[in-house]
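Notes follow the structure.
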Amino acid sequence: MTTTAMQTTQIEAKALPYAYDALQPSISEETLRYHHDKHYAGYVAKLNELIAETPYASESLEEIVMTSDGSIFNNAAQAWNHEFYFDQFSPTPQAMPTGALADAIDRSFGSFYTMKSEVAKAAAALFGSGWVWLVEEPNGNLSILSTRNAGTPIRHGLRPLLVFDVWEHAYYIDYRNRRADAIASTWNVIDWKKVEHRYKKR
Ligand code: MN
């Protein structure tokens, strides 16, 4: 191993599963171009730089998130969170949860609308940058979780189902300081079919 490069698994930024202008007017093309191509891809590029020639270089993104700390964790978790975030939207979303997920939401929150208002409250209460998640606890109960900066539920033994990015870079172009409006509008493009798929996947 003196002359050949160590075998590495380069972490790759995933392409958006829809067109850049597909989520308008909830999320503009300009926001998606910056958010996906600059912010998300930037975390992935920085991560690859940080893990080069370390034991992390041969691990999957999730393995890195679960075991790292400091800058490597921050960039890996931001990469993981954004991959999860971008994947949950659709220009033709299923508007409401159905079946077992709808039942679990009713059981845990009382109603779909109460769950939505808990997300709004959590997003308003989060000081600074972070994420607001719908998660499944180990006992099957669903709850709303706020994480600061790059924080991610998978490090806390919780299963993420849905996430709102409440870093300013996610909404400032379209909504300026109006975070609550950005969150309210994001619901319009969340594809509950995808969230149900995450819920069923075990
Ligand atoms: Mn973001």
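Residue numbers (the working numbering): 362 to 563.
For glycine and all other residues, C-beta sits at the position ideal for the given N, C-alpha and C.
In the structure shown, W441 adopts helical secondary structure according to DSSP, grouped into three states. Apart from the 5 residues on each side of it in sequence, P378 sits with its Cβ closer than 7 Å to the Cβ of D448 in its chain, given in chain order. Relative to the Cα of R539, the nearest Cα in the group K562, A481, N409, A437 belongs to A481.
By DSSP's assignment, L495 forms a beta bridge with I505, L523.
Judged by beta-carbon spacing, L519 lies beyond the 8 Å limit of V556, meaning their Cβ atoms are not closer than that value. A direct Cα-to-Cα measurement between A543 and D526 gives close to 10 Å.
Here Q371 is exposed: its Cβ has fewer than 16 other Cβ atoms, across all protein chains shown, within 10 Å. Following the DSSP letters along the chain, one finds G403 inside the alpha helix (DSSP H) bounded by residues 402-412. If you draw a straight line from the Cα of G512 to the Cα of S387, it is about 25 Å long.
I551 has F450 as its beta-bridge partners, per DSSP.
For W494, same chain residues with a beta-carbon under 6 Å away, outside a window of 5 residues either side, are L506, P514, P521, V524 in chain order.
P452 is not a Cβ neighbour of A376, given a cutoff of 8 Å. In this structure, A461 is the residue among D430, T428, L393, A461 with its C-alpha nearest to the C-alpha of K554.
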